[in-house]
Structure formats: structure tokens, C-alpha cells
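If you want it as C-alpha cells, here you go:
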């Protein structure tokens, strides 16, 4: 065979090899692009899911904060009511002490006025009573 035939065969083989290399490179690039697009889609979906979860968590946090505010308000109200009741109890204790003192004073006065109560009993009642 002549040299020019070998040159033509070499050129054809080189072109075929070049076509195969270009085809493989295109397929590889297309596969990489398709993989990248699929990954981007998965990432978008995951980001959407994370955003949804974050919104749900924010709503749950707001509900928890609202519950905490209600509980705090209830506690404040209960504290005020307890303070009011404590003041009322002190007032009643003071009133009871006054009433008891007045009753004791009346008994002492009754004993002082009663001629049937011996003189020693009059002094005993007046000095023996201690306030409660």
C-alpha cells in the first residue's frame, strides 16, 4: 500500500478516536451536569423541609412563650391573692385579740362588780390572764 493510503487510514482512525473521545467527554459532562442538577433538586427539597421545620419550631416556641406568659401571670395573680389573704389573716388575728381583750376586760369588770366573787378572785382574774 501506498503511503497516502496509510495516511488516510491514520487520519480516519484519528478522527474516529477523536469522535469517541468527544462523545465520552460529552456523556461524562452530561452525566456530571445531570448529577449536579439532581443534587441541587435534593438540596432544594431538603432546604424546604428545613424551612418548614424551622417555621413549625418557631410556632411551637411562640406557643410555649405564650404558655409561660400565662403561667407567669397566674403566678403573679396567685402571689397577690396570697399577700391579700395574709393581710386579711393578720387583720382577723388583730381583731380577735382585740375582741378577746375586750371580753377579758368585761369579765374583770363583772367580777369587780359582782359581790359574790371574793376579793382574791378579782385580783387573780385580772393578773393571771395573758393575751393569746
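Numbering (this note's numbering), first residue to last: 3 to 134. Don't be surprised by glycine CBs; every beta carbon is placed ideally from N, CA and C. Here the structure is a predicted model, which means the values were calculated and not measured.
Straight-line gap, residue i to residue j (C-alpha atoms, nearest Å)
{"i": "residue 36", "j": "residue 49", "result": "20 Å"}
{"i": "residue 54", "j": "residue 60", "result": "10 Å"}
{"i": "residue 4", "j": "residue 34", "result": "45 Å"}
{"i": "residue 112", "j": "residue 104", "result": "12 Å"}
{"i": "residue 74", "j": "residue 88", "result": "21 Å"}
{"i": "residue 29", "j": "residue 64", "result": "52 Å"}
Three-state class that DSSP yields for residue i in the structure shown
{"i": "residue 13", "result": "helix"}
{"i": "residue 4", "result": "coil"}
{"i": "residue 119", "result": "coil"}
Own chain partners of residue i with C-beta closer than 8 Å, once the 5 adjacent residues on each side are dropped
{"i": "residue 8", "result": "none"}
{"i": "residue 18", "result": "none"}
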